[in-house]
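Note that our numbering has the sequence shown beginning at 545, numbered continuously upward. Note that the Cβ used here is the ideal one computed from N, Cα and C, for glycine as well. Below you'll find the structure, written out as structure tokens, and then a few comments.
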Amino acid sequence: MIVLVDNGHGIFTPGKRSPDGEFREGIYNREIAVRVVADLQDRGIKAELLVPEEDDISLQERVRRVNTQCLLHGKKKVILVSIHVNAAGNGTKWMNATGWSCYTSVGQTAADQLATCLCEAAIKHFPGRRIRSDWSDGDADIESNFYLLRKTLCPAVVTESFYMDNRSDLEFLQSRAGKQAVVDTHVEGITEYLESIR
Ligand SMILES: [Zn+2]
545 MIVLVDNGHG
555 IFTPGKRSPD
565 GEFREGIYNR
575 EIAVRVVADL
585 QDRGIKAELL
595 VPEEDDISLQ
605 ERVRRVNTQC
615 LLHGKKKVIL
625 VSIHVNAAGN
635 GTKWMNATGW
645 SCYTSVGQTA
655 ADQLATCLCE
665 AAIKHFPGRR
675 IRSDWSDGDA
685 DIESNFYLLR
695 KTLCPAVVTE
705 SFYMDNRSDL
715 EFLQSRAGKQ
725 AVVDTHVEGI
735 TEYLESIR
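Pasting the structure below:
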């Protein structure tokens, strides 16, 4: 099995930051993705960063990279986890939406199983915080990431770890314990899934 970890946006991608401009999603996603890949590798799992570059790599190119691996190894031998931080507004003001969520492509049962493992890990690692099972205020970011879910051949999920335009979420995300919990949720969810399909 090959676990591909995507970190979404480039580090200079416009928008994709907190209302005060301090937090940039592309930088944060990368930090988490690097730690998730390293942790998985430590456990003997073949894991790779989908986007080692710092630039914003187009969705088309990211899909091409994923599907190249699927064609090489078989689509059942690859999974994709795309790591993001959510936003409720347009980045100009602080909002109230909170919570952790995970999205899958429609009709992919293997991706549903992966999402379930990730949600269970999230419930364990984020006690007292909201784990969203539905969403009505998703932003355009999620819409565009559905392209990644639709076009990739293997089971694929997008995680949105809390909201960068919620002050409380942001404080948690940037804390040492918060970062570790985000990393652990991904690592544990992925390893549980891999165990379940062995
Ligand atoms: Zn994002």
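Setting aside the 5 residues that flank it on each side, ARG694 is surrounded in the same chain by SER649, each with a C-beta closer than 6 Å to its C-beta; the list follows chain order. One thing to note: ALA665 has its Cβ within 8 Å of the Cβ of THR729. LEU548: not part of any alpha helix (DSSP H); member of the beta strand (DSSP E) spanning 546 to 550, first to last residue. Between the segment 597 to 614 and the segment 549 to 557, the count of Cβ pairs shorter than 8 Å is three or higher; the stretches touch. The secondary-structure analysis by DSSP pairs LEU662 with nothing; it has no beta-bridge partner. THR557 carries a coil assignment under DSSP once its states are collapsed to helix, strand and coil. Between ligand 1 and the CB of GLU739, the shortest heavy atom gap is not smaller than 7 Å.
Between SER712 and VAL726, the gap from beta carbon to beta carbon reaches 8 Å or more. Relative to ligand 1, the nearest heavy atom lies less than 7 Å away from the CB of GLU569. For ligand 1, no non-hydrogen atom lies closer than 7 Å to the CB of HIS730.
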